[in-house]
Structures are given as structure tokens and as C-alpha cells.
Amino acid sequence: MSIIVNLDVMMAKRKMSLNELSERVDLTLSNLSILKTGKAKAIRFSTLEAVCKALDCQPGDILEFVNDGKEQP
Numbered sequence: 890m891s892i893i894v895n896l897d898v899m900m901a902k903r904k905m906s907l908n909e910l911s912e913r914v915d916l917t918l919s920n921l922s923i924l925k926t927g928k929a930k931a932i933r934f935s936t937l938e939a940v941c942k943a944l945d946c947q948p949g950d951i952l953e954f955v956n957d958g959k960e961q962p
């Protein structure tokens with residue numbers, strides 16, 4: 890099971906740079922980059938809310954579940 894982060898897709902749709910989003914949600918560029926590349930292990934609801942407000946989108950526009958056929962123990 891995998892969670893895919895589509896933050897880069899939403900940023901492109903909104904024509905927003907990582908720098909601009911970083912300023913709007915008050916997160917460092919490095920933390921946003923980790924989230925954008927899908928390397929984050931967790932995200933706070935407050936961060937998700939801020940990103941959704943800044944990009945005018947829903948959480949499901951940013952996060953996607955993909956069943957890769959592998960079961961977690």
C-alpha cells in the first residue's frame with residue numbers, strides 16, 4: 890500500500906512555486922521539498938490544512954492511495 894503525494898501537480902495547476910507556497914504556509918523549503926518528493930513519513934493536519942488553503946484544494950487532491958498489492962504485516 891502506498892500513499893502518493895501529488896503536491897507538485899497541484900502547485901503546477903495553481904502556477905505556484907515552492908518558494909511562494911513555503912511563504913504562504915510558513916514551512917521551510919526543505920520540509921516542503923520532503924513532502925513534495927514523497928519522502929515524508931507523516932504530515933500534520935494543520936500543515937495539510939494550510940497547504941489546502943494556499944492551493945485552494947482538497948486533501949484528496951494532494952494525497953492519493955494506491956493499492957500496490959503488498960500487504961503490511
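Going by our numbering, the sequence shown opens with residue 890, and the numbers climb by one from there.
For every residue, glycine included, the Cβ atom is placed at its ideal position computed from N, Cα and C.
Source: prediction; values computed, not measured.
Within the segment 908-961, the complete alpha helix (DSSP H) segments of 4 residues or longer fall at 918-925, 934-944 and 948-951, listed in chain order. Separation of V894 and L921 (C-alpha to C-alpha, rounded to the nearest whole angstrom) is 11 Å. Straight-line spacing of the CA atoms in D915 and A939 works out to 9 Å. If you look at S891, you'll find it in the beta strand (DSSP E) that goes S891 to V894. If you compare the alpha carbons of D897, F954, S911 and V955 with that of K925, the shortest gap goes to D897.
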